[in-house]
Amino acid sequence: MQDGLELFQTGQVFGFPVDVNLVMRHLQQDMRDDWYADTLRYTDIFADQNYAAQVLLRCLNEWGGLYVGDKRVLRGIPKKAYAERYSLETDFFDRFVYQAVCTFLIPKLDPLLSHRVLSYRYNRDSLDPKYLFRSKIGKWLDYEGLTYRFRKEGSYLAVTDVGNFFENVSSKHLITEIRTLAQRSDCDGYEKGQILAATRMLEELLKNWSFSGEFGLPQNRDCSSFLSNILLSSFDFEMQEQGYDYYRYVDDIRIVCSSESEARKAIQTSIGLLREVGMNINAQKTNVLSPTSSDADVQELFPSQNPLVLAIDNMWRSKSRRVFIRSVEYIIQIIQTALTAGDTQSRSFRFAVNRLSQLIDAGLFDVAGEEADQLLTYAISALGSDAVSTDQLCRLLLVLQPSDVVLIEIQNFLTNRSACIHDWQNHHLWILLASTKFDSEILHELALKIVSADPTSGESSGVFIWLQSVGNLGPIDLLLENYSNLWPFQNQRYFLFAASGLSADRQKILRGKIPEKLLGTMKRARKKYRADGVAIVERERPSFSALYEDIKDYS
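Here it is, written out as structure tokens:
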């Protein structure tokens, strides 16, 4: 079986070398913040790389030697102001191939990008190879620092954002840009041939993954963010050549200018150049900050300058247990302020939730105290008005160890079908209920209704996990005959988690229906369940000594 891994390394499988172990490590990092995160974090697959390699080889055989991938699943993710972004969900193995392409391309193409681009840059000096990119938080702070100069120099700052960036990416334009960069790369002819092979594979994959026609990249993927750098490379260099003090972080653009008129001209120049790559600016996120702009306006763009964030960060640098505990007051203040203002998409809110989670896991915050009760109240009230932050709210709710009273409020929210209109939000709430093993007859009836109506929805995948967690397998048994390999990968996977609790005789109904990519799931995944048998991975709880070193990226 080891020969399978070595075969990938030779380049014979895809036309370019693939270090399966390294790609797996990069993919694990990328999956930490998935919108539809796997409840087991795919630990069952990551633990058996030979299995993954064999599945990929069998897919190649089935597809005539060319890995074309499966059709993406389109999901809606709520945004601010009643808007919605798309999510192009692909299965684990397609994600692996996407990562393999980018893991190969990034070291060769990143040196050709502008130094004015701060986001998703290759980490060539990394001491740990699992980190493909330089620290996101570090590069964001660089981005802030380089553009915050306007405040001290009495300059102006033109600020804009590329509108609906990922859904407007043209795969044809992207592939052309990659090939252009490949010709400029410092590689020999053999390596350039491998780059072109990787590019051809990417071109084929995007045909199955696009949002509409040739347009659209999967969002919330590190690889997509890097590819955005390639697509905008000509734009970056043109802005520099025109003499602008220009910086970019993914689709966020800032230009330090000497006057308001120069700032206005810089924005107009950006509009014209972006049109050449099929893009435009987001008018609502376009502004010019002046030396007299208010602190509030400035702080919105420079979250690291938030006095509370600075205070917390400095306190944590002390690595003192006593000082860590004192930071709780500031952390709670940030969370409460954000929840009250509906500003839970801010970096400062994510920063505070991350820090509070770590304090709770390390036993430095009392979840039975009055402050915890207040946060629970705020978080529950925000569910109806702030769907965009449900993942962060669920994380906050879970670490605060909610009582049944709080969980009943979540149940009431889910049963009010005219109010819980976001598939993605409902999915996360069902996973939260599964994590706590909260059970009720009301939820039994609702779960049956949901999965019977549409077992392919994002909410249904969350319901499957909840049904497994409480041992209510009746709805699963009823769906055995309807199970289809055309369901979304996650729905099939979670359904199989639950179906593994049925009798062997009932499971026989699934024989011949399970696709190659999911064969063996029921047996393999069970080894990674929580100690109480729930199909959710055990939460990692850091020790106090590891707290500061393990601070998660909040960028």
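Just so we're aligned, residue -1 is where the sequence shown starts under my numbering, counting upward by one. Ideal Cβ positions, reconstructed from N, Cα and C, are used throughout, including at glycine. Bear in mind the structure is a predicted one, so any value in this text is a computation, not a measurement.
Taking buried to mean at least 16 other C-beta atoms within 10 Å of its own C-beta, is residue i buried or exposed?
i       : result
Tyr552  : Residue confidence is low: Tyr552 scores 33 on pLDDT, short of 50, so the model does not pin down where it sits. Its coordinate-derived value is still stated next. So Tyr552 ends up on the buried side.
Val321  : exposed
Asp184  : exposed
Leu477  : buried
Trp61   : exposed
Asp530  : exposed
His420  : buried
Met(-1) : Unreliable placement is indicated for Met(-1), whose pLDDT of 44 sits below 50; no coordinate value is reported for it.
Tyr34   : buried
Tyr146  : buried
Leu72   : exposed
Asp548  : The pLDDT assigned to Asp548 is 41, lower than 50, so where the model puts this residue is not dependable; a value taken from the coordinates is nonetheless given after this. When all chains shown are included, Asp548 counts as exposed.
Ser325  : buried
Gln390  : buried
Ile323  : exposed
Tyr188  : exposed
Met313  : buried
Asn410  : exposed
Glu87   : buried
Val403  : exposed
Asp108  : buried
What residue from the options has the CA that sits closest to residue i's CA?
i      : options                           : result
Tyr492 : His425, Pro76 and Leu444          : His425
Gly206 : Ala81, Asn470, Ser169 and Met237  : Gly is not the amino acid found at residue 206; the sequence shown has Asn there. Ranking Ala81, Asn470, Ser169 and Met237 by Cα distance to Asn206 puts Ser169 first.
Ile173 : Ser222, Gly152 and Tyr154         : Ser222
Ser498 : Leu484, Asp359, Trp485 and Leu516 : Leu516
Ala309 : Val71, Tyr328 and Ser318          : Tyr328
Pro301 : Arg353, Glu202, His420 and Leu139 : Leu139
Phe90  : Thr101, Pro105 and Ile43          : Ile43
Tyr527 : Lys521, Val535 and Leu299         : Val535
Ala180 : Ala261, Val11, Arg198 and Gly136  : Arg198
Thr413 : Arg393, Ala432 and Leu441         : Leu441
Leu272 : Asp250, Ser288, Asn48 and Asp341  : Asp250
Ile378 : Leu396, Ser292, Trp422 and Ala45  : Leu396
Leu554 : Tyr247, Arg345 and Lys190         : The chain is shown only over -1 to 553; residue 554 falls outside these bounds and no answer can be derived.
Ser232 : Ser112, Ala380 and Arg509         : Ser112
Asp359 : Glu538, Phe14, Thr88 and Gly63    : Glu538
Asp32  : Trp422, Glu479, Tyr188 and Arg504 : Trp422
Met237 : Ala264, Val275, Ser292 and Asn218 : Ala264
Glu514 : Ala533, Val404, Ser288 and Leu484 : Leu484
Ile279 : Arg252, Phe363 and Asp295         : Arg252
Glu212 : Asp220, Arg219 and Glu202         : Glu202
Ala417 : Ser433, Leu431 and Ala380         : Ala380
Asn59  : Pro400, Leu86, Phe12 and Val21    : Phe12
Ile507 : Met520, Tyr118, Glu479 and Asn489 : Glu479
Val307 : Trp464, Ser344, Gly276 and Glu274 : Ser344
Val99  : Gln505, Gly456, Ala445 and Val18  : Val18
Lys106 : Arg122, Val115, Leu116 and Arg114 : Arg122
Leu110 : Phe235, Gly161 and Met22          : Phe235
Cys255 : Arg149, Gly214 and Asp36          : Arg149
Per DSSP, which residues does residue i bridge with? Please list them.
i      : result
Leu287 : Leu155
Cys255 : Tyr154
Asp475 : DSSP, once it has assigned bridges, lists no residue as partnering Asp475.
Ile75  : Arg83
Tyr244 : Ile253
Val115 : Arg246
Ser210 : Phe213
Ile279 : Val160
Phe131 : Tyr120
Does the distance between the C-beta of residue i and the nearest non-hydrogen atom of the ligand GTP fall short of 8 Å?
i      : result
Arg149 : You won't find the ligand GTP in this model; it holds no ligand whatsoever.
Please decide whether residue i counts as near chain C, where near means a Cβ-Cβ distance under 9 Å.
i      : result
Ala451 : The structure shown contains no chain C, having only a single protein chain.
The stretch 282 to 291 contacting the stretch 325 to 339, beta-carbon criterion three pairs below 8 Å: The stretch 282 to 291 and the stretch 325 to 339 do not touch, with fewer than 3 CB-CB distances between them shorter than 8 Å.
Inter-stretch contact at 8 Å, needing at least 3 Cβ pairs: the stretch 437 to 453 / the stretch 16 to 33: These segments do not touch.
Meets three-Cβ-pair contact criterion under 8 Å: the stretch 227 to 245 and the stretch 74 to 85: Short answer: they don't touch.
Any alpha helix (DSSP H) of 4 or more consecutive residues that is wholly inside the stretch 6 to 34: For secondary structure counted as the alpha helix (DSSP H) over 4 or more consecutive residues, the stretch 6 to 34 holds these complete runs in sequence order: 18 to 28.
Secondary structure, beta strand (DSSP E): runs of 3+ residues fully inside the stretch 133 to 194: The stretch 133 to 194 contains these whole beta strand (DSSP E) runs: 154 to 159.
Length-filtered (4 minimum) alpha helix (DSSP H) runs lying within the stretch 335 to 368: As for any alpha helix (DSSP H) of minimum length 4 sitting wholly inside the stretch 335 to 368, the runs are 345 to 359, ordered along the chain.
Cβ contact (3+ pairs, closer than 8 Å) linking the stretch 205 to 219 and the stretch 57 to 69: Touching, per the Cβ criterion.
Segment contact, 8 Å Cβ cut-off, at least three pairs: the stretch 147 to 161 with the stretch 246 to 263: Touching, yes, given that three or more Cβ pairs across the two stretches are closer than 8 Å.
Whole runs of the alpha helix (DSSP H) within the stretch 421 to 506, excluding any shorter than 4 residues: Counting only runs of 4 or more, we get 421 to 434, 439 to 451, 456 to 468, 472 to 477, 487 to 497 and 502 to 505.
Three CB pairs or more closer than 8 Å across the stretch 114 to 127 and the stretch 42 to 57: When C-beta atoms of the stretch 114 to 127 are compared with those of the stretch 42 to 57, fewer than three pairs fall below 8 Å, so the two segments do not count as touching.
The stretch 381 to 398 contacting the stretch 344 to 363, beta-carbon criterion three pairs below 8 Å: Judged by pairs of C-beta atoms under 8 Å, the stretch 381 to 398 touches the stretch 344 to 363, as three or more such pairs exist.
Stretch pair the stretch 460 to 477 + the stretch 4 to 11: three plus CB contacts closer than 8 Å: The stretch 460 to 477 makes no contact with the stretch 4 to 11, as fewer than three CB pairs between them are under 8 Å.
Cβ contact (3+ pairs, closer than 8 Å) linking the stretch 158 to 167 and the stretch 93 to 113: They do not touch, by the three-pair rule.
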